[in-house]
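Novice: Here's a structure for you.
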Amino acid sequence: LVCVEGLSAARVCVEPSGGTCATGLDCAWGVCEGGRCDPVRALAAGTASTCVLLESGQIECAGDNTFFQISPDDTLTIAPTFSNLRDAFGAAPPFEAVAVGPSHVCTLEGGEVRCWGAGNFGQTGGPTTRTPPFPDPIVAVSGVREIALGLDLSCARTATQVLCWGTDRFGLLGDTATYPSGPGTDPSRSRPAPIELAGPARDIDASFYHACAVTLDGDLWCWGANDHANLGVPDTGERCDTSVVPGTPLP
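This is the structure:
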């Protein structure tokens with residue numbers, strides 16, 4: 003037996019990775035479900051919240067809950083221990099992926115994306131704050147294989163395209179048609195729209211104010227804020243349309 007501070011609470015831990023356990027006790031690398039250890043498959047960390055995806059497809063989260071991103075409890079601004087999204091939101095596993103932003107969370111199941119938390123720029127694909135009942139799938143996006151979140155931005159990758167929704171600050175939506183025409187403007191959209199790339203992507207990621215995608219041919223495309231030359235181009239000008247990063251393709 004090994005005793006560590008596990009998920010859901012600090013409890014006795016038992017054999018990891020599929021070992022037997024007593025219901026209600028944590029495993030060394032996961033949680034105890036139905037007498038078997040449910041190991042962690044993937045980790046997602048935001049600015050002040052953390053979620054883990056378990057092998058069973060369940061998700062547990064802890065941390066900041068200011069915008070109800072990990073619990074519907076309006077008295078709980080900080081969740082100090084991990085809790086199951088199934089218990090908190092009535093969400094039905096199995097989930098395939100989870101992504102955590104600074105103030106919102108999105109999950110992937112059956113190719114559909116659900117988001118909740120802060121939605122002031124449309125990043126949850128619905129009302130300003132996503133609270134129970136469990137959010138409906140995001141409209142106009144299906145067949146999703148990967149999700150990535152920025153500060154006020156959500157992106158999804160399908161077999162054929164990358165779509166984003168939320169704020170267009172710094173050109174985060176990769177669309178010159180909606181990019182701010184002057185200081186003080188900050189258009190946004192809650193419906194996913196495609197990002198213009200040279201072809202389908204195999205990987206995506208997003209940070210506070212920029213996002214990148216790797217296409218099937220290995221080219222790296224980035225867009226958004228570039229004040230620290232974070233887009234990999236030889237200047238610090240922001241990009242409201244996608245551009246291929248010099249020095250790619252990647253292996």
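In my numbering, the protein residues as written are 3 to 253.
Beta carbons: idealized from backbone N, C-alpha and C, even for Gly.
Given the structure is predicted, the values throughout are model-derived calculations rather than measurements.
Could you give the DSSP three-state label for phenylalanine 70: helix, strand or coil?
Specialist: Phenylalanine 70 falls in the coil class under three-state DSSP.
Novice: Residues in its own chain within less than 6 Å of alanine 158 by CB, not counting five upstream and five downstream?
Specialist: The residues are Val115, Val143, Val146, Ile149 and Leu165.
Novice: Just reading off the beta strand (DSSP E) that phenylalanine 84 is part of, what are its end residues?
Specialist: Run containing phenylalanine 84: 80 to 86, per the beta strand (DSSP E) assignment.
Novice: Run through the DSSP bridge pairs and tell me what glycine 168 is partnered with.
Specialist: Answer is Leu155 and Arg191.
Novice: Within 10 angstroms of its Cβ, does isoleucine 80 collect 16 or more other Cβ (buried), or is it exposed?
Specialist: Exposed, since its Cβ has fewer than 16 Cβ neighbours within 10 Å.
Novice: Is the distance from the Cβ of phenylalanine 123 to the Cβ of serine 190 below 7 Å?
Specialist: Result yes, Cβ atoms of phenylalanine 123 and serine 190 sit closer than 7 Å.
Novice: By a C-beta neighbour count over all protein chains shown, 10 Å radius and 16 as the cutoff for buried, is proline 96 buried or exposed?
Specialist: With fewer than 16 other Cβ atoms within 10 Å, it is exposed.
Novice: Between the alpha carbons of leucine 45 and leucine 153, how many angstroms are there, rounded?
Specialist: Whole-angstrom Cα-Cα distance: 18 Å.
Novice: What does the alpha-carbon distance come out to for the pair glycine 128 and isoleucine 197?
Specialist: Roughly 20 Å between the two C-alpha positions.
Novice: Determine which residues share a DSSP beta bridge with histidine 212 and list them.
Specialist: In DSSP, histidine 212 forms a bridge with Gly226.
Novice: Report yes if the C-beta distance between tryptophan 167 and proline 194 is below 7 Å; otherwise report no.
Specialist: Yes, Cβ-Cβ distance for tryptophan 167 and proline 194 is below 7 Å.
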